[in-house]
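Undergrad:
Numbering (our numbering), first residue to last: 121 to 720.
(1) For the candidate residues 378, 266, 253 and 648, whose alpha-carbon lies nearest to that of residue 129?
(2) Would you kindly work out how many angstroms separate the C-alpha atoms of residue 62 and residue 434, rounded to a whole number?
(3) Are the beta-carbon atoms of residue 343 and residue 314 separated by less than 8 Å?
(4) For residue 386 versus residue 328, is the C-beta spacing smaller than 8 Å?
(5) Compute the Euclidean distance between the alpha carbons of residue 132 and residue 198, then round it to the nearest angstrom.
(6) Smallest Cα separation from residue 547: which of 607, 430 and 577?
(7) Which whole-angstrom value is the C-beta distance of residue 484 and residue 432, which I expect to be below 8 Å?
(8) Could you check what DSSP says for residue 663 in three-state terms: helix, strand or coil?
(9) So, at 6 Å on beta carbons, what are the nonlocal neighbours of residue 718 in its own chain, with the 5 sequence-adjacent residues on each side left out?
(10) Could you give the distance in angstroms between the alpha-carbon of residue 350 and the alpha-carbon of residue 443?
(11) Which same chain residues end up closer than 8 Å to residue 419 when comparing Cβ atoms and leaving out the 5 residues on each side of it in sequence?
(12) If you count every other CB in all the chains shown that lies within 10 Å of the CB of residue 367, and 16 or more means buried, which is it?
(13) Does the pairing of the segment 255-266 with the segment 221-228 give three or more beta-carbon distances under 8 Å?
(14) Using the C-alpha atoms, what's the distance from residue 271 back to residue 139?
(15) Comparing alpha-carbon positions, which option in 306, 423 and 180 lies nearest residue 125?
(16) Please say whether residue 642 and residue 664 have beta carbons closer to each other than 8 Å?
(17) When DSSP labels each residue in this structure, what does residue 586 get in the three-state scheme?
(18) Under three-state DSSP, which class holds residue 577?
(19) To the nearest angstrom, how far is it from the Cα of residue 555 to the Cα of residue 382?
(20) What residue range does the beta strand (DSSP E) around residue 415 cover?
(21) Which of the three DSSP states, helix, strand or coil, is assigned to residue 326?
(22) What span of residues does the beta strand (DSSP E) with residue 150 cover, start to end?
(23) Could you please give the first and the last residue of the uninterrupted alpha helix (DSSP H) stretch that includes residue 385?
(24) Distance, Cα to Cα, residue 317 vs residue 640?
(25) Does DSSP put residue 635 in a helix, in a strand, or in coil?
(26) With a CB to CB cut of under 7 Å and the five nearest residues on each side skipped, what residues in its chain are close to residue 355?
(27) For the alpha helix (DSSP H) that contains residue 469, what are its first and last residues?
(28) Around the Cβ of residue 264, are there at least 16 other Cβ atoms within 10 angstroms (buried) or fewer (exposed)?
(29) Between 552, 245 and 417, which lies nearest to residue 449 when the distance is taken from Cα to Cα?
(30) Return helix, strand or coil for residue 491, following the three-state DSSP convention.
(31) Is the beta carbon of residue 232 sitting closer than 8 Å to the one on residue 303?
(32) Taking only the alpha-carbon atoms, compute the straight-line gap between residue 430 and residue 497 and give it to the nearest angstrom.
(33) Measure the alpha-carbon distance for residue 238 versus residue 614 and round it to whole angstroms.
(34) Where does residue 720 land, buried or exposed, given buried means 16+ other C-beta within 10 angstroms?
(35) Enumerate, from N- to C-terminal direction, the unbroken alpha helix (DSSP H) stretches of 4 or more residues contained entirely within the segment 496-562.
(36) Name, in chain order, the residues that DSSP records as bridge partners for residue 235.
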């Protein structure tokens, strides 16, 4: 076990693309944690998706040994965190396990929206913060301006900010010295009963559940009987180790140390992120405060394209939930898509990543329904119902009013794009709360309906600002809104998978777009198919798929016209009967394309 005074636990926080993962790479190289032949860029981004997209999705930890200028040896536990707003829960968990943070700011871009959000989270966790100005080698870098911006916008002293280039490795030693000198060592009592925070977990097919822990008090060793305090489950530890970044076994972990344990845990439900692990024979009196549970803001249904894969999907979701505690799921069924799960996510990118991970890591083929947010429906009898899925919407006669979630958004944008960003926010029913300037960049605070943001707001914002605007949001409150359920009827039958909740002003245009799209996608039948968009009993848009027509008069060679008429009348009757009883099977590809169309 290491002396706690020689340990430093820190997270790297920043806005997207300000160079967190590159800085982590340089720190690993500088400390000689991996041999040069084993080194690769984005060392801590272990998932293929992370490497392909160039973003960090999972917070990763690594233990580094560093000899400081005073000749002492230190153990540094580094946590590289994501920058995207959809993975803010990963950041909050990492911050709870550390005592300090490196705040990375791009020396050319300056302070951005996520910089602000993440640094405030770190301050709330009582962190000591070391500002680092990255990309100092760029021609556009302006260290003096960015230091002033950090002081003006964030309100922390930036006079001692370390100027580095993570790409070239310039000044990396100064970052390590600043960590050792400025960050506080962890506090903890080695003689007290064991208290360890369960920071993260993942499923290994050979070892069962692997648990990432941060020890607060006591000692965690191989062969020890432990108890998960929230789940009440007991296990015997069969392996204790640290990541260097390769897994390396150690005898025990003491106060302030971070590492992993395996204990033959097969029951996924026993492992809850934020739980406290204690000694079975000598338990702690009270658990650690843990983490605030994350609140999903976007919901959508996930269905296997092959209904036989339902059980496989259930198991896969349970295993993935271990590794990402910020999404929730529950079973649901749909008349069109069969059995699946209603899942809650922190945003659209989060939804996309989870769907992609399920398809890649568990070899599943999935269909996702249209994303929706949670509405609070106030009924005429005074009851309030939370509606996660438009299908669950009560009868309009019983509804008094509907409340929709609103967010508080912070947008940083260069002055020349301010007009187009203001117009975008106004078009999305936004209300401006604040407009201030930091140098040549405007800081906008807007209140916006969440439903208007989750679809394509981020993409539109990037395109109207040529990629210069940055955006962060937090769910603020619920407000009454003129929201209606838009139902899609095919041959007078409602198609639940295509129902959506929309603002009344947009209902007609959205309904028309969906009807036109479905008309292209539904194959022709022997009878006419009506595709309608409706609000309650009122049809607001309609398209018709024309019937395939068989030439029933082909066998009539000449003769009386009445014979032909008789055959045509008979055909007409048959088509009428068909339309009454005929079932329209909408191919799943049509569902998929229609759901995709809604995002455009």
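Don't be surprised by glycine CBs; every beta carbon is placed ideally from N, CA and C. Keep in mind that this is a model prediction, so the values were computed, not measured.
TA: On the basis of the coordinates in this document:
(1) With distances taken between Cα atoms, residue 129 lies closest to 378.
(2) Missing from the structure shown is residue 62; the chain here goes from 121 to 720 and no further.
(3) Cβ distance not < 8 Å, so residue 343 and residue 314 don't count as in contact.
(4) The answer is yes: Cβ separation under 8 Å.
(5) Here the alpha carbon of residue 132 sits roughly 8 Å from the alpha carbon of residue 198.
(6) Closest by alpha carbon: 577.
(7) Between the beta-carbon of residue 484 and that of residue 432 there is about 7 Å, and that keeps the pair under the 8 Å contact cut.
(8) Strand at residue 663.
(9) Confidence at residue 718 is low in this model, with a pLDDT of 45, below 50, so its placement is unreliable and the value that follows should be read with caution. Taken in chain order, the residues that qualify are 490.
(10) Going from the Cα of residue 350 to the Cα of residue 443 covers about 18 Å.
(11) Counting only Cβ-Cβ distances below 8 Å, and skipping sequence neighbours, we find 462, 463, 464, 465, 491, 492, 493, 494, 508 and 509.
(12) That one is exposed.
(13) Taking 8 Å as the limit for Cβ pairs, the verdict is that the segment 221-228 does touch the segment 255-266.
(14) In a straight line, the C-alpha of residue 139 is about 21 Å away from that of residue 271.
(15) The shortest C-alpha separation from residue 125 is found at 306.
(16) Not a contact, by the Cβ cut-off of 8 Å.
(17) DSSP, read as helix, strand or coil, puts residue 586 in coil.
(18) Helix, per DSSP.
(19) Answer to the nearest angstrom: the Cα atoms are 51 Å apart.
(20) Element bounds for residue 415: n/a, residue is neither H nor E.
(21) The three-state reading of DSSP puts residue 326 in coil, since its state is none of H, G, I, E or B.
(22) Residue 150 -> not in any beta strand (DSSP E); alpha helix (DSSP H) instead, spanning 140-150.
(23) If you look at residue 385, you'll find it isn't in any alpha helix (DSSP H); DSSP assigns it neither H nor E.
(24) The straight-line gap separating the alpha-carbon atoms of residue 317 and residue 640 is approximately 54 Å.
(25) It is helical.
(26) By the criterion of a C-beta distance shorter than 7 Å, residue 355 is surrounded in its chain by 346, 383, 384 and 385, once the five residues flanking it on both sides are discounted.
(27) Per DSSP, residue 469 is one residue of the alpha helix (DSSP H) stretching across 468-481.
(28) Label assigned to residue 264: exposed.
(29) Cα-wise, what sits closest to residue 449 is 417.
(30) Secondary structure of residue 491 (DSSP, three-state): coil.
(31) Remark: C-beta atoms of residue 232 and residue 303 do not approach each other more closely than 8 Å.
(32) Taking the straight line from one Cα to the other gives about 31 Å.
(33) Rounded to the nearest angstrom, the gap between the Cα atoms of residue 238 and residue 614 is 44 Å.
(34) A caution first: residue 720 carries a pLDDT of 44, below 50, which makes its placement in the model unreliable, though a value can still be read off. By the neighbour-count criterion, in which a residue is buried when 16 or more other Cβ atoms sit within 10 angstroms of its Cβ, residue 720 is exposed.
(35) At a cut-off of 4 residues, the continuous stretches assigned as alpha helix (DSSP H) that sit fully inside the segment 496-562 are 538-547.
(36) Under the DSSP definition of a beta bridge, residue 235 lacks any partner.
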